[in-house]
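A.B. asks: Structure below; questions to follow.
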Amino acid sequence: MTVRVGKPAPTFETKGYHQGSIKTIKLADYKGQWVMLYFYPGDFTFV
Amino acid sequence: MTAVAAKYDEIKSLGAEVLAISVDSPYTHKVWQEGELSKIIPGGLPYPMLSDPGGRIGEQYGVYAEEDGVDIRGRFLIDPDGVLQAMEVLAPAVGRNVAEMIRQIRACQYVRQTGEATPAGWEPGKKSLKPGEELVGKVCQIWSPDMAF
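Structural data, given as structure tokens:
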């Protein structure tokens with residue numbers, strides 16, 4: 001599958017850490033808002 | 001990541017949320033937040049850190065590097081309808097420009113609200129273009145490259 005601007009972003013549901021607790025978070029939770037999703041290579045990296 | 005956190009209030013004021021994601025477990029995120037990030041940004045990162053075990057989400061976005069087992073530095077701007085509006089992928093050792101991320105949110109929102117187009121280097125207050133027949137071949141009359149800077 002290819003991602004393309006103008007097409008629906010791939011949906012997902014996964015565990016996340018936020019404000020001291022671990023919870024399930026899905027992209028659909030943010031419908032109606034803009035979402036800046038950013039991937040990064042790993043925790044404890046420098047950039 | 002802490003640079004994004006430093007501008008988080010501005011991003012939120014635009015009606016946008018930030019989601020960071022890596023292949024690390026939520027427990028690793030917690031340890032990194034408590035052990036290091038909270039010392040750089042009081043209270044730690046204010047936005048969720050998601051876990052992408054095995055890179056299955058990164059795979060869908062085309063940023064999972066199987067040979068290294070990590071998600072590379074891809075950034076995706078998704079609109080309120082769930083449609084992708086902007087994307088950028090950088091080499092692992094190259095950090096992002098948060099000001100440019102914010103500029104792109106503003107530009108995408110402007111385009112969505114007005115149906116107009118934002119030329120190179122557009123910032124709020126700068127000239128936008130109304131796409132249409134009358135503009136074809138005449139952009140040079142109302143816009144010049146020095147306006148991009």
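Protein chains in written order, with the numbering used here: chain C, 1 to 47; chain R, 1 to 149.
Where is the CB? At the ideal position from N, CA and C, for every residue including glycine.
1) Compare the C-alpha of A6 of chain R against each of R:I41, R:K138, R:V136 and R:Q109 and name the closest.
2) So which residues on chain C does R75 of chain R lean against when the C-beta distance must stay under 9 Å?
3) Give, in chain order, every residue of the segment 13-32 of chain R whose Cβ lies closer than 9 Å to some Cβ of chain B.
4) Quick one: what does DSSP say M1 of chain R is sitting in, helix, strand or coil?
5) Is any beta-carbon of chain C found at less than 9 Å from that of V70 of chain R?
6) Please decide whether A99 of chain R counts as near chain C, where near means a Cβ-Cβ distance under 9 Å.
7) Using DSSP with H/G/I as helix, E/B as strand and the rest coil, what is Q19 of chain C?
8) Which residues in chain C sit within 7 Å of D146 of chain R, going by Cβ to Cβ distance?
9) Are the C-beta of R96 of chain R and some C-beta of chain C separated by less than 9 Å?
C.D. replies: Straight from the coordinates:
1) Taking the second sequence and counting its residues from 1, the one referred to as residue 6 of chain R is at position 6. Of the candidates R:I41, R:K138, R:V136 and R:Q109, the one whose C-alpha sits nearest the C-alpha of A6 of chain R is R:I41.
2) For this step, residue 75 of chain R is matched to residue 75 along the second sequence. Simply M36, L37, Y38 and F39.
3) In the structure shown, chain B does not exist; the protein chains are C and R.
4) Residue mapping note: residue 1 of chain R aligns to position 1 of the second sequence, counting from 1. Here M1 of chain R sits in coil by DSSP.
5) Working through the second sequence from its first residue, we reach residue 70 of chain R at position 70. Answer yes: the Cβ-Cβ gap between V70 of chain R and chain C drops below 9 Å somewhere.
6) The count along the second sequence starts at 1 and reaches residue 99 of chain R at position 99. With a threshold of 9 Å between beta carbons, A99 of chain R makes no contact with chain C.
7) To locate residue 19 of chain C, count along the first sequence from 1; it is residue 19. The three-state reading of DSSP puts Q19 of chain C in coil, since its state is none of H, G, I, E or B.
8) What you label residue 146 of chain R is simply residue 146 of the second sequence in a count that begins at 1. What D146 of chain R touches in chain C: nothing, since even the nearest Cβ is about 27 Å away.
9) Taking the second sequence and counting its residues from 1, one reaches residue 96 of chain R at position 96. It does; some Cβ of chain C falls within 9 Å.
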